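In what follows, a structure is listed as structure tokens, so that the remarks can point back to it.
Numbering (the numbering used here), first residue to last: 3 to 259.
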């Protein structure tokens, strides 16, 4: 007998969706990579449940991912692997599991962030609540010159509120070292909270020129005139993309690879 999912419904109008697929160039099958005795996707699911944002569902491209999540007591839905992005995957999952349109806010959490702090995840909705933006996201301040220069280290250029240096509106996202001059840069963490209308609009838009140039999906929203709010948090989880990343995650979570 399968256990009842721990995150089926909490009464919240927010839902957390986690896209996951087995196909990956650098680390094939990574959602099922075992970390401290459990598949990586289960670790991410647990962190999302611990955030207490609301119902948590894994939007999976492959049946083995669904089976792993359900076996752990979670909830997952199978979405055909013919979508262009993880955002499109969660949108398709949302349409299937919520035809009555109960959920007003949708949080998109990448399935390769097993070290994510649930408290930081919970803060992703703050820009929606306090700024009234279309999309909320999170970032971490850093003054490390190596991180500033690294191309895979995406920077958010943010105009912060006069009375709150941890909350502001995104002006741009880039792989370049920006903004220029003395002071920190803000490492963007690719977790998003959408209003339902914003997610629907975003998924209906074509890829934009700057999105294609920088290879950053969030620029599609900015080019279309949508607003993105940024909340600063204390720590940055890292994405598991390589065997070296997997070994690091195993060390952090308590068991060597």
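No residue lacks a Cβ here, since even glycine has one placed at the ideal position from N, Cα and C. Computed from a prediction, not measured in an experiment: that's the story for all the values here.
Sequence-distant residues of the same chain with beta carbon closer than 6 angstroms to residue i, five excluded per side
i: residue 198; result: 106
i: residue 24; result: 31 and 64
i: residue 173; result: 159 and 161
i: residue 48; result: none
i: residue 204; result: 223
i: residue 274; result: The requested residue 274 does not occur in the structure, where the chain is confined to residues 3 to 259.
Which residues DSSP lists as bridging residue i, in chain order
i: residue 224; result: None, per the DSSP bridge assignment.
i: residue 217; result: DSSP, once it has assigned bridges, lists no residue as partnering residue 217.
i: residue 110; result: 19 and 194
i: residue 57; result: 17
Segment limits, beta strand (DSSP E) that includes residue i
i: residue 240; result: From DSSP, residue 240 is part of no beta strand (DSSP E); its letter is neither H nor E.
i: residue 139; result: 137-144
i: residue 104; result: Where residue 104 is concerned, there is no enclosing beta strand (DSSP E), given that its DSSP letter is neither H nor E.
i: residue 167; result: 166-176
i: residue 78; result: 78-80
Residue i (DSSP reduced to helix, strand or coil)
i: residue 40; result: strand
i: residue 182; result: coil
i: residue 247; result: helix
i: residue 51; result: helix
i: residue 19; result: strand
i: residue 4; result: Here the model assigns residue 4 a pLDDT of 42, short of 50, so the residue's position is not dependable, and the following value carries that caveat. Coil at residue 4, not helix or strand.
i: residue 163; result: strand
i: residue 62; result: strand
i: residue 152; result: coil
i: residue 29; result: coil
i: residue 158; result: strand
i: residue 85; result: coil
Element boundaries [alpha helix (DSSP H), containing residue i]
i: residue 204; result: 198-206
i: residue 94; result: 88-99
i: residue 124; result: 120-124
i: residue 116; result: Looking at the DSSP string, residue 116 is not in any alpha helix (DSSP H), and its letter there is neither H nor E.
i: residue 130; result: 128-133
Close beta carbons around residue i, own chain, < 7 angstroms, minus the five adjacent residues each side
i: residue 221; result: 175, 210, 212 and 213
i: residue 192; result: 112
i: residue 145; result: 186
i: residue 93; result: 201 and 205
Residues near residue i by beta carbon distance below 8 angstroms, same chain, minus five either side
i: residue 66; result: 24 and 34
i: residue 225; result: 210, 211, 212 and 213
i: residue 139; result: 126, 129, 158, 172, 190, 191, 192, 193, 194, 195, 220, 230, 231, 232 and 233
i: residue 68; result: 60, 62, 78, 79 and 80
Any C-beta of chain C under 9 angstroms from that of residue i
i: residue 26; result: This model lacks chain C altogether, as it is built from one protein chain only.
Is the segment 130-138 touching the segment 113-122 in the sense that three or more CB pairs, one from each, lie closer than 8 angstroms? The segment 130-138 and the segment 113-122 do not touch, with fewer than three beta-carbon pairs separated by less than 8 angstroms.
Would you call the segment 86-96 in contact with the segment 151-158, where contact means no fewer than 3 C-beta pairs closer than 8 angstroms? No, the segment 86-96 does not touch the segment 151-158.
Any chance the segment 38-57 sits against the segment 67-78, with 3 or more Cβ pairs inside 8 angstroms? Here the segment 38-57 makes contact with the segment 67-78; the two share three or more CB pairs at distances below 8 angstroms.
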